[in-house]
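Residues in the sequence shown are numbered consecutively from 226, following our numbering.
Worksheet: one structure, shown below.
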Amino acid sequence: MSSRTTDRRDRFARSWKLLGIPSKSKWKGSLLNNRILSRAMSRLMDRFQSQTLPILEDTCYEMGKEDCKQLQDTLNVKDTSASSCLEPMEMICLLNSIDSEIISKNKNIASMKINACPFSDVLVGVVPSIVVCKNYFRGTIQTINKNATFIQPEMKCNEDEVCEFVVNI
Numbered sequence: 226m227s228s229r230t231t232d233r234r235d236r237f238a239r240s241w242k243l244l245g246i247p248s249k250s251k252w253k254g255s256l257l258n259n260r261i262l263s264r265a266m267s268r269l270m271d272r273f274q275s276q277t278l279p280i281l282e283d284t285c286y287e288m289g290k291e292d293c294k295q296l297q298d299t300l301n302v303k304d305t306s307a308s309s310c311l312e313p314m315e316m317i318c319l320l321n322s323i324d325s326e327i328i329s330k331n332k333n334i335a336s337m338k339i340n341a342c343p344f345s346d347v348l349v350g351v352v353p354s355i356v357v358c359k360n361y362f363r364g365t366i367q368t369i370n371k372n373a374t375f376i377q378p379e380m381k382c383n384e385d386e387v388c389e390f391v392v393n394i
């Protein structure tokens, strides 16, 4: 193989890395890793549901907190109002090309309507998406305000037209 061909491949690989696109082998490894973890989680749920479900719920909650901390800095969220609690979730929807709308009632109550489920393809076949949704969402809002609670009067997973989250402080 000529050095010219090798140089072209090296330049091509560097260009893709600069764009943040993983190599084919890393992508395959990641895909295989996800498949193995998904199948293992499914088997754990089948065999030890009462012990596995709380671990999954806590993990989703912690992931919501971690993601929110990063988004909180990016969005420069300083306020702890109910509508501020919804801003990171609104950004998650935007990043997933999902329409959403925040309606602020007052400092202590705000609601958000989401037109599609951002969690519909997470842990498919392991737990219902509502398990991921409720715990992840609780993690995001309680990162902004530890006293925040929410109810979900409408849910896409219950065949409602939208998901609605009402946050109370």
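Even for Gly, the Cβ is constructed at its ideal location relative to N, Cα and C.
Keep in mind the model is a prediction, meaning the values are calculated, not measured.
Where cysteine 388 is concerned, there is no enclosing alpha helix (DSSP H), although the beta strand (DSSP E) around it starts and stops at 388-393. Under the three-state reduction of DSSP, serine 329 is assigned to strand. Within the segment 269-320, the runs of alpha helix (DSSP H) at least 4 residues long that lie entirely inside it are, in chain order, 307-320. Contact between the segment 287-295 and the segment 352-369 is established, with three or more Cβ pairs separated by less than 8 angstroms.
Using a Cβ distance threshold of 8 angstroms, leucine 311 and valine 392 count as a contacting pair. In the three-state DSSP reduction, lysine 338 falls in the strand class (E or B). When DSSP states are grouped into helix, strand and coil, phenylalanine 362 belongs to the helix group. Secondary structure of isoleucine 376 (DSSP, three-state): strand. Distances from the alpha-carbon of lysine 290 to those of Asn258, Arg272 and Pro313 put Pro313 closest. Around the CB of glycine 350, fewer than 16 other CB atoms lie within 10 Å, so the residue is classed as exposed.
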